[in-house]
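Take 0 as the starting number for the sequence shown in my numbering and just add one per residue.
By construction, the Cβ of each residue, glycine as well, lies at the ideal position given by its N, Cα and C atoms.
The structure presented is a predicted model; accordingly, all values stated were derived computationally and were not measured.
Heads up, the thing below is written out as structure tokens.
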Amino acid sequence: MDQILADILVSTRTPYPVIFARLCGAIVLGALIGIEREKRQRPAGLRTHILVSLASAIFAVVAVESVHMTSLSGPEVRIDPIRVVEAVTAGVAFLAAGMIVFSKGEVKGLTTGAGMWLAGAVGISVGFGFWMIATFAAVASLIVLFILGRMEVALQWKEPEGEGNGARETGRHPAPGAPAGSDDGSR
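Below, the structure is given as structure tokens:
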């Protein structure tokens, strides 16, 4: 039983309260990014962004801790935390790409996919202990998603959600020779 407890309660270079704080921080900052997507009822919303951020933070914490494990330190073993960042980036990009859909001349889900990718980056940042970078990125994402989203509507670059069928909102372009303001009729 002592061996099992010793294996479960393995000592870490970073104290467990700090690790738990980092994971909680990833949850909160991932939620900040996902809340706008949830509000707009996108397929990847609050829970997805939280999970992406939390998973990324866990990978970062494990990468940092694995560098300092005596069982993994030797001339034949090389641990490179940057490879973890690359793997997380690729994995989150794969998930984000699944949110992007091209149908009937429209591209949808780009912002949601980018938000998921950002949630991964925020999680990695918190996991490695870069709180200020992660917090700035999460706050910047709120500005982009909430404020710039409203500004696009106010400046008439996009129509409000659920209204109209303008080319600006859908990404459609009029068919050649069609009068200005018409779409390509592919609805």
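On the DSSP bridge list, what partners appear for Lys107? Val100
Burial state of Ala35, where buried means 16 or more other Cβ atoms lie within 10 Å: Looking at the sequence provided, one finds Glu at residue 35 rather than Ala. So Glu35 ends up on the buried side.
I think Ala20 touches Gly126, with their Cβ atoms under 8 Å apart; what is that distance to the nearest whole Å? No, Ala20 and Gly126 are not in contact; Cβ-Cβ is about 11 Å, not under 8 Å.
What does the Cβ neighbour count give for His48, buried or exposed, with the cut at 16 atoms within 10 Å? Buried: at least 16 other Cβ atoms inside 10 Å.
Among Tyr15, Ala62 and Leu154, which has the Cα closest to the Cα of Ser124? Ala62
Assess, as a yes-or-no matter, whether the segment 85–96 is touched by the segment 104–120 under the definition of 3 or more beta carbon pairs within less than 8 Å. Taking 8 Å as the limit for Cβ pairs, the verdict is that the segment 85–96 does touch the segment 104–120.
Can you give the Cα-Cα distance for Val51 and Gly128, rounded to whole angstroms? When rounded, the separation of the alpha-carbon atoms in Val51 and Gly128 is 17 Å.
Neighbourhood of Ile32 by C-beta distance below 8 Å, restricted to the same chain and skipping five residues each side: His48, Ser52, Gly114, Leu117, Ala118, Val121, Ala137, Ser140, Leu141 and Leu144
What is the DSSP secondary structure of Glu64, counted as helix, strand or coil? helix
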